[in-house]
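Asker: Handing you a structure now.
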Amino acid sequence: MDSDEQVKVSTLEAYADTIVPGEKRFPDDHAIAGASAGPGAVVAGALELLHTEATGVTVGLPYLAQSLNDHAKVYAKEHDLTLDETLPSFVALSFVDRTALVRQLTAPGHPEKDGWVSLALFCNMSFDSAAHKHTAEAIAEGHPGLLAMGYTAPDEDGLWRFPKFSYRRELAQLHPDTTPSGSPA
Amino acid sequence: MNAYDKTDVVIVGSGFGGSIPAYHLAAGGAKVTVLERGPWLETKEFEHDYLLGSSYTRAFDFVVGDGMSVLGGNCVGGGSVVYFAAMPRAPKFVFERHGSIGRRMWPSALTRDTLEPWYDRVSDSLPVSTQDWNDVSYAGGLWAALCDHSGRTANPAPVAVDNDRCVNCNFMMAGCRFDAKRSLLTNYLPAALAHGAKIRPLHEVQRIERIDDGDYRVHFNIVDDEDYRVQSGSGTIDAKVVIIAAGAGATPVILQRSESALGTMPHAVGRYFSGNGERLNTAIINEERVREVLGLSREDGKVYEANHIGKGPTVANWDKLDGSLPEYERYSLEQLYFPPGLGTILAQVPGGDEPRWFGPQKKEILKQWASWLTIFLMTEDDNEGVFGAPPPTGNAYRISQQMLGRGPLKYDPTPNTLHGWSLADAECKEILEKDGLAKVAPWTNDVVGAYTVHPLASCRIGDDPETSALHPNHELRNHPGIFVTDSASVPGALTVNPAMTIAALAERSVPGIVRALQARGVDVTYGAPAPDGSITGRRAVSKLSLVAGS
Ligand SMILES: Cc1cc2nc3c(=O)[nH]c(=O)nc-3n(C[C@H](O)[C@H](O)[C@H](O)COP(=O)(O)OP(=O)(O)OC[C@H]3O[C@@H](n4cnc5c(N)ncnc54)[C@H](O)[C@@H]3O)c2cc1C
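Heads up: the protein sequence lines correspond to chains A and B, in order. Counting in my numbering, the final residue of the first sequence is number 185, and the numbers go up one at a time with none missing. Counting in my numbering, the final residue of the second sequence is number 550, and the numbers go up one at a time with none missing.
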């Protein structure tokens, strides 16, 4: 088994990859399950964001990783699965099983729900808003999440402006009871 | 001792409920100090950036509760700095609602007609303007066309936006860099400062205590300007009158924490919370069908692909704001823009397999993000939210440096609320999925509970002491000299965006507060014009000022 740090990193990578999955970085990439084409949360910087102290989850990461592996062991037992012992238990689960376990942990009523939801929230944010980087810089560097979502570069001063923004046509009838202030009656 | 340790009025919070009385009381001659827990950001600090620590997180407070999460402002100007500036007045039937208490929940003195002159004052002051079809964004236009195609009406929403300055960047939630949004930083607050009001940012009020001869002592902590988890130092300030306007998610918590010093709070403090019946739906637009069926296309030849272009909500459907319908079956459907990070995670894959909020299918819909159309449902809920024991400070245990916290609010939607949500969801689906124009799904409530940006009613006005915390003049029952003038005072869901009504109620509360100050020997008068000096709205209310608060 790898060092504690490697275990932690690949376990959290596997969690991030369950939230926003991606393709393997190299052939025997175990953390990334390869459930989706193109980069996912891991390549988008999930670990970097989780290690940004401002999130408030950073100090809890070793505990979360260990707990995730404990949950994975219990899950494997319940489902009669044999896990590859050279891998952290959560990493050793298939993508389908990782997904099923994350669903359980984040479901209403799970006693640890808050922690797992926060972790999911930041994993998702690494992809959809690159919250560990200035947005304009992330786009310039080709951040995979922002590009996948169709973000375009800002003006030279780093601000977005859209001079064309409207179909400029009357597209519906107004409600007949609209008052002069433009409000409902 | 410094000069501000004693004043006439302390105001807690600088959103609509705080800034409006701050201006009028200062203009009338009272010494006013506003304590605001958030930072004081200038226009140049409003960034187009999702980086943690930019204005996108500095100006916000997101509190996860049990069954309900509340997103609000956290800066000087409060929710007005981060809001979308849609400013409709509430429909007439709202004021006649019975809700969960089986009798009219609004004070008998309040109807849409009696509130109208106060709405006019706000409209003058911000100012609020009507929009035409040239002002509506692609997203609003598309929503209008979809409504029309399914035999419905659609209205450009009245807004507090200066359309000549607006660049349609859709970053207005992080504060408006172009001063196009008429937040309180552009009207009531500068006018209050000009009349001598003091604003102290990064001062988080914890509790209030009563001191000699009926005055109050307000206890605050000083909050670090970057890491809001860090509080360095504390202090107090004494006042003859205290106005609590910390927002419906925070106001009742301050009162709960003050109970040991002030004595028993009215039963309704921290109860009857409403999320304004909110719900969001995300539609994934079929661009080709929109071109074929609705005949829409942009000037650059694209059809829609413009989720990120615009200025928040611009068009709403009001067909179900029909007073003849039963309660819980009335709602509005408004086009909205919600940036990533704070909301994208809750969008579900329409018709997909579980899980619908994460995983490979969710990633696929993220790739169609530019073609998303978000619809904001405002329904009638049942005021079922209740606040548990207050956290040690503020209104939440702070998790992140900024923004994210865990709070004591519990919200378990009743069948009435669920009924309203499901009718509105079904209506949305009918409009959006007609002829294959889109696929739609509501946001999940399983992750952070229901989600509201419009918290209301946690400390509401009313005639009935059992179900309202405040007299109809906004004074806290059994605690003379404490007033609540913010969203907490609004009795229930409004079926439209609430800021216009919150602001009108705050305007209406001022004459009564002036009288309370006069009774305590403060030399103060009522009657200031709108912050820009205009007096159209004043004419109507000067006759009414004696009625309000009596
Ligand atoms: C993203 C978003 C978009 C919105 N869009 C719209 C819209 O388009 N139209 C609309 O009508 N409404 C909108 N709203 C809602 C609107 O902003 C609120 O209804 C309104 O701001 C509530 O006013 P308030 O005075 O009650 O509280 P707030 O404006 O929230 O002000 C309360 C202030 O008190 C401060 N505070 C809290 N606790 C303490 C404490 N202990 N000590 C000192 N200060 C404290 C807070 O930091 C805050 O500045 C939106 C809200 C959000 C978050």
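By construction, the Cβ of each residue, glycine as well, lies at the ideal position given by its N, Cα and C atoms.
#1: Here's the rule I'm using: 16 or more other beta-carbon atoms within 10 Å means buried, otherwise exposed. How should TYR63 (chain A) be labelled?
#2: Return no unless some Cβ of chain B is closer than 9 angstroms to the Cβ of TYR167 (chain A).
#3: For a quick check, are the C-beta atoms of MET500 (chain B) and VAL122 (chain B) less than 9 angstroms apart?
#4: HIS203 (chain B) by DSSP, collapsed to three states: which one?
#5: Would you give the residue range spanned by the beta strand (DSSP E) that GLN231 (chain B) belongs to?
#6: So, does the region 468 to 487 of chain B touch the region 504 to 524 of chain B, judging by three or more C-beta pairs under 8 angstroms?
#7: Can you name the residues of chain B whose CB is closer than 8 angstroms to the CB of ILE139 (chain A)?
#8: To the nearest angstrom, report how far apart ASP227 (chain B) and LEU456 (chain B) are at their CA atoms.
#9: Let me check one thing: in DSSP terms, what residues is SER405 (chain B) bridge-paired to?
#10: Report yes or no: is there a C-beta of chain A within less than 9 angstroms of the C-beta of MET105 (chain B)?
#11: Would GLY359 (chain B) count as contacting chain A if we go by Cβ distances under 9 angstroms?
#12: List, from N- to C-terminal side, the alpha helix (DSSP H) runs of 4 residues or more that fit wholly inside the region 129 to 193 of chain B.
#13: I'd like to know whether the C-beta of ASN416 (chain B) is nearer than 9 angstroms to at least one C-beta of chain C.
#14: Does any heavy atom of ligand 1 sit closer than 8 angstroms to the C-beta of SER258 (chain B)?
#15: Reducing DSSP to helix, strand and coil, say where ILE11 (chain B) ends up.
#16: Is PRO184 (chain A) near ligand 1, with its Cβ less than 8 angstroms from a heavy atom?
#17: Measuring only the C-alpha atoms, how far is PRO252 (chain B) from PRO127 (chain B)?
#18: Considering only the alpha carbon of each residue, which of B:ARG460, B:ASP464, B:LEU432 and B:GLY449 lies closest to CYS147 (chain B)?
#19: When the Cβ atoms of the region 195 to 211 of chain B are set against those of the region 255 to 262 of chain B, are three or more pairs found closer than 8 angstroms?
#20: Is the shortest distance between the beta-carbon of ASP97 (chain A) and the beta-carbons of chain B less than 9 angstroms?
#21: Nearer than 8 angstroms: is that true of the beta carbon of ARG112 (chain B) relative to any heavy atom of ligand 1?
#22: What residues from the region 115 to 140 of chain A come within 8 angstroms of chain B, judged by C-beta to C-beta, listed N to C?
#23: For SER260 (chain B), would you say it is in contact with chain A, using Cβ-to-Cβ distances shorter than 9 angstroms as the test?
#24: Would you mind listing the beta strand (DSSP E) stretches within the region 350 to 390 of chain B that are 3+ residues and don't spill past its ends, in chain order?
#25: Under the criterion of a Cβ to heavy atom distance below 8 angstroms, does HIS143 (chain A) qualify as lining ligand 1?
#26: Among residues of its own chain, excluding the 5 on either side of LEU336 (chain B), which ones have a beta-carbon nearer than 8 angstroms to its beta-carbon?
#27: On the premise that TYR411 (chain B) lies in contact with GLY405 (chain B), defined as a C-beta separation below 8 angstroms, what is that separation, rounded to the nearest angstrom?
#28: Quick check on this structure: which residue in B:GLN131, B:PRO355, B:HIS419 and B:GLU364 has the alpha carbon closest to the alpha carbon of SER181 (chain A)?
#29: Run through DSSP, which three-state label would HIS51 (chain A) get?
#30: Taking 8 angstroms as the cut-off, is the beta-carbon of PRO455 (chain B) closer than that to any non-hydrogen atom of ligand 1?
#31: Quick check on LEU105 (chain A): does DSSP put it in helix, strand or coil?
#32: Quick check: is any heavy atom of ligand 1 less than 8 angstroms from the C-beta of MET403 (chain B)?
#33: So, are the CB atoms of ALA438 (chain B) and ILE285 (chain B) less than 9 angstroms apart?
#34: For HIS203 (chain B), verify whether its CB is less than 8 angstroms away from any heavy atom of ligand 1.
#35: Give every residue of the same chain whose Cβ lies closer than 7 angstroms to the Cβ of VAL223 (chain B), excluding the five residues on either side of it in the sequence, and list them in chain order.
#36: Here's a check: name, in chain order, each residue in its chain whose Cβ is nearer than 8 angstroms to the Cβ of PHE122 (chain A), leaving out the five neighbours to either side.
Answerer: In terms of the structure at hand:
#1: exposed
#2: yes
#3: yes
#4: strand
#5: 231 to 244
#6: yes
#7: What ILE139 (chain A) touches in chain B: nothing, since even the nearest Cβ is about 11 angstroms away.
#8: 28 angstroms
#9: Correcting the residue type first, residue 405 (chain B) is Gly in the shown sequence and not Ser. Note: GLY405 (chain B) sits in a beta bridge opposite B:VAL63 and B:ARG398.
#10: no
#11: yes
#12: 138 to 149
#13: This model lacks chain C altogether, as its protein chains are A and B.
#14: no
#15: strand
#16: no
#17: 30 angstroms
#18: B:LEU432
#19: yes
#20: no
#21: no
#22: VAL117, SER118, ALA120, LEU121, ASN124, MET125, PHE127, ASP128, SER129, ALA130, ALA131, HIS132, LYS133, HIS134, THR135 and ALA136
#23: no
#24: 372 to 378
#25: no
#26: PHE84, LEU280, GLY312, PRO313, THR374, ILE375 and PHE376
#27: That pair is no contact at about 16 angstroms.
#28: B:GLN131
#29: coil
#30: yes
#31: helix
#32: no
#33: yes
#34: yes
#35: ARG37, LEU202, GLU204 and GLN231
#36: ALA46, LEU49, LEU50, THR55, VAL57 and ALA131
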